[in-house]
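Residue numbers (the numbering used here): 12 to 381.
Just so it is clear, CB atoms sit at the ideal spot from N, CA and C, and this is done for glycine as well.
Predicted model, so just to flag it, every value in this text is computed and none were measured.
Quick notes on the structure that follows.
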Amino acid sequence: MTTSCWMTLVDNRSMGRTLKTRSALLASFWFGLCLFLSACTGEPEAKVTRLSGMTMGTTYNITLVTEGEVEDLANLKASVNNALAVVNQQMSTYIDNSEINRLKAQPVGEWTKVSRPLAEVLDVSLWVSEMSDGAFDVTLRPLVDLWGFGPGQEEDKVPTDDEILKAQSRVGYQHLELDKAGLRVKRDKPIDLDLSAVAKGYGVDVLAELLEHEGINHYLVEIGGEMRLKGHNPRGIPWRIAVERPDETLVQSVYQPLSVTNMGVATSGDYRNYFEKDGVRYSHTIDPRTGRPIRHNLVSVTVLSPSCAKADAMATAFSVLGAEDALTLANREGIAALFIIKESGQLKEVSSEAFKPYLTEPVAKTTSVQ
Ligand code: AMP
Ligand code: MG
Numbered sequence: 012m013t014t015s016c017w018m019t020l021v022d023n024r025s026m027g028r029t030l031k032t033r034s035a036l037l038a039s040f041w042f043g044l045c046l047f048l049s050a051c052t053g054e055p056e057a058k059v060t061r062l063s064g065m066t067m068g069t070t071y072n073i074t075l076v077t078e079g080e081v082e083d084l085a086n087l088k089a090s091v092n093n094a095l096a097v098v099n100q101q102m103s104t105y106i107d108n109s110e111i112n113r114l115k116a117q118p119v120g121e122w123t124k125v126s127r128p129l130a131e132v133l134d135v136s137l138w139v140s141e142m143s144d145g146a147f148d149v150t151l152r153p154l155v156d157l158w159g160f161g162p163g164q165e166e167d168k169v170p171t172d173d174e175i176l177k178a179q180s181r182v183g184y185q186h187l188e189l190d191k192a193g194l195r196v197k198r199d200k201p202i203d204l205d206l207s208a209v210a211k212g213y214g215v216d217v218l219a220e221l222l223e224h225e226g227i228n229h230y231l232v233e234i235g236g237e238m239r240l241k242g243h244n245p246r247g248i249p250w251r252i253a254v255e256r257p258d259e260t261l262v263q264s265v266y267q268p269l270s271v272t273n274m275g276v277a278t279s280g281d282y283r284n285y286f287e288k289d290g291v292r293y294s295h296t297i298d299p300r301t302g303r304p305i306r307h308n309l310v311s312v313t314v315l316s317p318s319c320a321k322a323d324a325m326a327t328a329f330s331v332l333g334a335e336d337a338l339t340l341a342n343r344e345g346i347a348a349l350f351i352i353k354e355s356g357q358l359k360e361v362s363s364e365a366f367k368p369y370l371t372e373p374v375a376k377t378t379s380v381q
């Protein structure tokens with residue numbers, strides 16, 4: 012029996028059409044179990060505080076481990092909610108007057124001032140776009156909308172080739188120039204931003220920094236499955252989390268336990284957010300090079316990086332690339348990544364070299380799936 016504290020790392024997406032609120036429940040279950048086990052063993056108990064709520068169309072969960080009571084908890088909760096509201100106001104495609112939505116009204120070919128957080132997210136995004144040779148692209152919004160994964164869209168419609176080509180012509184990170192030091196951007200085409208693949212990770216980073224600023228050094232922060240962990244869990248040992256077994260049914264189970272701390276962790280997968288039409292599954296992850304949802308045997312990617320924003324963006328990039336190319340890239344760049352592949356109805360995993368030290372327990376071996 013384990014006496015460690017677990018949290019579950021799941022692909023709990025906000026923008027799609029499938030149920031996405033269960034990870035918090037499963038996390039609560041593990042958390043309750045962990046406290047129970049702690050109480051049973053009679054070891055000195057740290058003070059554990061939990062904060063949770065809704066943001067970015069999904070849930071956030073924060074676990075704090077402190078020696079005594081957290082000072083002014085109400086104020087801390089207000090700061091957390093305020094920080095999340097600010098990130099949403101800057102980066103959400105769902106808020107009409109958000110900073111990215113206002114950016115598209117700015118004249119093409121002219122520099123426009125942006126907030127520091129938006130400049131930071133665009134810097135990470137452009138870096139991942141270049142590193143992945145365009146597999147990741149924050150200007151993908153016309154295609155995301157075309158395939159029905161944009162704000163307020165519910166219709167399961169497969170676009171025509173012409174529609175795809177037209178939308179593709181309005182996509183391309185190369186048309187976005189960032190002057191990071193000067194906090195300004197310039198578009199040389201009327202491109203439109205979608206930060207859904209990186210903003211949750213960035214929100215996690217913002218909360219982690221807020222907690223550290225408050226002098227809290229042992230925490231787990233999670234937004235919609237993206238996480239950052241620091242210090243130790245309530246049992247005084249490194250945090251333990253679980254990569255979810257990719258499964259489109261609502262049953263959640265652990266695929267791979269991980270012992271990880273002082274790190275950001277993000278997962279991308281096509282098993283929760285998709286639609287099916289005429290027996291074909293269309294993922295919310297779109298390959299900018301084809302203009303179409305990805306179709307390969309890589310069902311889930313988990314990436315570790317000190318910056319959760321980078322982990323989030325890289326997990327999406329790797330999802331697009333597919334297992335073989337993503338593994339080559341992860342090894343070339345020294346990125347820690349775990350890939351779960353579905354082959355002939357079986358799940359199997361491959362990890363990059365940098366990920367191997369985190370695999371402290373055997374994988375749940377090959378698992379049968381429908
Ligand atoms: P994630 O769950 O972090 O992999 O992000 C998926 C979301 O990012 C989708 O719902 C789209 O809004 C957007 N997206 C899809 N494909 C890409 C891509 N190739 N590059 C950047 N963003 C994408
Ligand atoms: Mg992502």
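Coarse secondary structure for residue i, derived from DSSP in three states
| i | result |
| --- | --- |
| residue 337 | helix |
| residue 310 | strand |
| residue 67 | coil |
| residue 27 | Per-residue confidence for residue 27 stands at a pLDDT of 33, beneath the threshold of 50, marking its modelled position as unreliable; the derived number appears in the next sentence. Coil, per DSSP. |
| residue 81 | coil |
| residue 327 | helix |
| residue 369 | helix |
| residue 384 | Residue 384 lies beyond the stretch modelled for the chain, which goes from 12 to 381, so this question has no answer here. |
| residue 320 | helix |
| residue 244 | coil |
| residue 72 | strand |
| residue 225 | coil |
| residue 57 | coil |
| residue 49 | In this predicted model, residue 49 has a pLDDT of only 39, less than 50, meaning its place in the structure is not dependable enough to derive any value. |
| residue 239 | strand |
| residue 343 | helix |
| residue 364 | helix |
Burial state of residue i (16 or more Cβ within 10 Å)
| i | result |
| --- | --- |
| residue 67 | buried |
| residue 284 | buried |
| residue 89 | exposed |
| residue 119 | exposed |
| residue 357 | exposed |
| residue 115 | exposed |
| residue 317 | exposed |
| residue 176 | exposed |
| residue 224 | exposed |
| residue 211 | buried |
| residue 102 | buried |
| residue 203 | buried |
| residue 71 | buried |
| residue 234 | buried |
| residue 300 | exposed |
| residue 84 | exposed |
| residue 98 | buried |
| residue 127 | exposed |
| residue 328 | buried |
Contact test: residue i Cβ vs ligand 2 heavy atom, cutoff 8 angstroms
| i | result |
| --- | --- |
| residue 388 | This structure leaves residue 388 out entirely; the chain is present only between 12 and 381. |
| residue 212 | yes |
| residue 313 | no |
| residue 279 | yes |
| residue 327 | yes |
| residue 96 | no |
Heavy atom of ligand 1 within 8 angstroms of residue i beta-carbon
| i | result |
| --- | --- |
| residue 148 | yes |
| residue 66 | no |
| residue 299 | yes |
| residue 209 | yes |
| residue 276 | no |
| residue 284 | yes |
| residue 160 | yes |
| residue 224 | no |
| residue 295 | yes |
| residue 205 | yes |
| residue 129 | no |
| residue 331 | yes |
| residue 217 | no |
| residue 151 | yes |
| residue 155 | yes |
Query raised in the report: In the region 83-138, which residue ranges form an unbroken alpha helix (DSSP H) of at least 4 residues, counting only runs that do not cross its ends?
Result: 84-102, 110-114
Open item on the list: At 3 residues or longer, what runs of the beta strand (DSSP E) sit wholly inside the region 250-296?
Closed with: If we require 3 residues or more, the beta strand (DSSP E) runs fully inside the region 250-296 come out as 251-255, 265-270, 274-280, 285-288, 291-294.
Item checked: In chain order, each alpha helix (DSSP H) run of at least 4 residues that lies wholly inside the region 135-210 -> 152-157, 172-179
For the structure I just gave you, are there three or more beta carbon pairs, one from the region 307-323 and one from the region 331-341, closer than 8 angstroms? yes
Checklist entry - For the region 178-187 against the region 150-160, are there 3 or more C-beta pairs whose distance is under 8 angstroms? => result yes
Any contact between the region 127-145 and the region 187-202? By contact I mean 3 or more CB pairs, one from each, below 8 angstroms. yes
Does the region 152-172 come close enough to the region 333-350 that 3 or more CB-CB pairs lie under 8 angstroms? no
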